[in-house]
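Its first residue numbered 1, the sequence shown is counted upward by one per residue in UniProt numbering.
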Amino acid sequence: MSRNFLVVDPEEDIEVLKGLASPIRVKVLKLLHVEGAMNGNDIAEKLSLPQSTVSTNIQILESAGLIRTETQKARKGNQKICHSMFDEVMVMFKEDIRPLAANTIEVAMPLGLYTSCDVSAPCGLCSGEGIIGLLDVPDTFLDPDRMKAGLLWFTRGYLEYQFPNNAKLSQHRVVAAEFSMELSSEVPGTSADWPSDITLSVNGTEIGTWMSPGDFGDKRGVYTPDWWKLKGSQYGKLKSFRVTTDGSYVDGMKISPVSLSDLDLSNHHSIRLRIAVKPDAKHPGGINIFGRGFGNYDQDIIMRLQTER
1 MSRNFLVVDP EEDIEVLKGL ASPIRVKVLK LLHVEGAMNG NDIAEKLSLP
51 QSTVSTNIQI LESAGLIRTE TQKARKGNQK ICHSMFDEVM VMFKEDIRPL
101 AANTIEVAMP LGLYTSCDVS APCGLCSGEG IIGLLDVPDT FLDPDRMKAG
151 LLWFTRGYLE YQFPNNAKLS QHRVVAAEFS MELSSEVPGT SADWPSDITL
201 SVNGTEIGTW MSPGDFGDKR GVYTPDWWKL KGSQYGKLKS FRVTTDGSYV
251 DGMKISPVSL SDLDLSNHHS IRLRIAVKPD AKHPGGINIF GRGFGNYDQD
301 IIMRLQTER
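The structure is reproduced here in structure tokens:
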């Protein structure tokens with residue numbers, strides 16, 4: 001399962017450090033991390049603490065951004081449910097965070113800016129505010145409001161994105177091309193054991209297939225909005241597909257011998273990325289693609305081109 005990290009700059013994020021500076025609050029965070037979301041009364045009972053003490057410390061943790069709360073109906077009135085936001089917290093001075101290398105070109109592509117598509121139902125799109133168009137109607141993928149999409153899903157088919165080849169424009173030779181995105185399988189409801197073969201192609205050449213293990217809904221995604229039903233897909237795995245001079249890789253593991261020379265990027269003014277679940281896939285388990293405002297990583301589809309220095 002993907003892990004959620006928080007990088008804290010002690011010069012700017014002093015409130016986060018204050019939130020951690022209490023044995024009680026650390027116990028609350030650990031409890032939520034190990035056992036999952038729960039309300040204040042359950043936390044107080046598990047930690048043998050007064051409910052008033054727990055309530056005060058929950059407010060501090062929420063203000064520091066270390067937990068997220070939501071109000072749900074209870075037998076009598078409402079109850080506040082607390083969710084852990086991060087698996088690990090790293091304290092790091094800003095100057096220790098390395099900027100993008102001078103020989104790296106990065107382009108972020110919003111989820112809804114695909115240039116062609118052919119998908120089958122069940123399928124759908126939604127923004128941070130709500131569902132876009134009609135669910136399970138493939139023609140909805142042509143709706144102009146798709147530009148606002150933060151989450152989309154389909155069973156079989158593909159989406160294709162057209163990135164500018166800025167390396168060609170700047171007359172630099174590409175030595176590696178990387179595509180980063182948050183992905184999961186797609187099943188009605190969710191299932192952690194629902195494999196799906198997700199295939200990527202660049203400029204019409206297949207670079208390889210990654211098998212997603214499942215469709216994750218055990219807890220709400222860090223950035224998934226509260227209105228999105230908990231029975232729906234919540235988050236995916238952040239995957240890095242990288243093409244080099246000696247082959248193609250997913251998270252450092254070689255998946256095919258397809259290399260940069262096979263893509264012939266220097267002769268293309270754009271770089272077309274196709275994300276597909278093929279009709280003949282061994283595991284045709286659908287796909288969710290998470291963008292900004294959904295899942296565990298608040299990012300678009302990222303392309304990075306590494307060039308010669």
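Ideal Cβ positions, reconstructed from N, Cα and C, are used throughout, including at glycine.
Do Lys-231 and Gly-189 count as a contact pair if the criterion is CB distance below 7 angstroms? yes
List the endpoints of the continuous alpha helix (DSSP H) containing His-33. 23-35
Assess, as a yes-or-no matter, whether the region 125-141 is touched by the region 172-188 under the definition of 3 or more beta carbon pairs within less than 8 angstroms. Taking a cut-off of 8 angstroms for Cβ pairs, the region 172-188 and the region 125-141 do not touch, as fewer than three such pairs fall below it.
Might you give, ordered along the chain, the residues of its own chain that have their beta carbon closer than 8 angstroms to the beta carbon of Val-26, omitting 5 neighbours on each side? Leu-20
Alpha helix (DSSP H) segments (min. 4 residues) lying fully within the region 45-70: 51-63
Is there contact here, the region 75-91 with the region 115-122, by at least three beta-carbon pairs under 8 angstroms? no
If I measure Cβ to Cβ from Leu-151 and keep anything under 6 angstroms in the same chain, skipping five residues before and after, which residues do I get? Close CB contacts of Leu-151 within its chain, under the 6 angstroms cut and outside five residues either way in sequence, are with Cys-126, Phe-290, Phe-294 (chain order).
Beta-carbon proximity check, Asp-215 vs Ser-191, cutoff 7 angstroms: yes
I'd like to know whether the C-beta atoms of Ile-275 and Ala-108 end up nearer to each other than 7 angstroms. no
Any non-hydrogen atom of the ligand ADP closer than 6 angstroms to Ser-55 Cβ: This structure lacks the ligand ADP, and indeed carries no ligand of any kind.
Measure the CB-CB distance between residue 313 and Arg-309 and report whether it falls below 7 angstroms. A question about residue 313 goes unanswered here, because the residues of the chain that appear run from 1 up to 309.
Would you kindly work out how many angstroms separate the C-alpha atoms of Ala-177 and Val-277, rounded to a whole number? Cα to Cα, Ala-177 sits roughly 22 angstroms from Val-277.
For the alpha helix (DSSP H) containing Gly-19, name the first residue and the last one. 14-20
Looking at Phe-179 and Ile-271, is the spacing between their C-beta atoms short of 7 angstroms? no
Under the three-state DSSP convention, the category Asp-96 falls into: Caution applies to Asp-96, whose pLDDT of 47 falls short of 50 and renders its modelled position unreliable; the model cannot decide the point.
Taking only runs that begin and end inside the region 156-221, name each unbroken alpha helix (DSSP H) of 4 or more residues, in chain order. Whole alpha helix (DSSP H) segments, 4+ residues: 166-169.
Could you pull out every residue in the same chain whose Cβ sits closer than 8 angstroms to the Cβ of Gly-40, ignoring the five residues on either side in sequence? Gln-51, Val-54, Ser-55, Ile-58, Gln-79, Lys-80, Cys-82
Cβ of Tyr-223 within 7 angstroms of Cβ of Asp-298? yes
Return the chain-ordered ranges of every alpha helix (DSSP H) run that is complete within the region 246-293 and spans a minimum of 4 residues. Look at the region 246-293 and you find these whole runs of alpha helix (DSSP H), each 4 residues long or longer: 260-263.
Nearest residue (CA-CA) to Asp-118, options Glu-129, Arg-156, Ala-101, Ile-131: Comparing Cα-Cα distances from Asp-118 to each of Glu-129, Arg-156, Ala-101, Ile-131, the minimum goes to Arg-156.
When Ile-60, Gln-72, Val-175 are compared against Gly-247, the one with the closest alpha-carbon: Val-175
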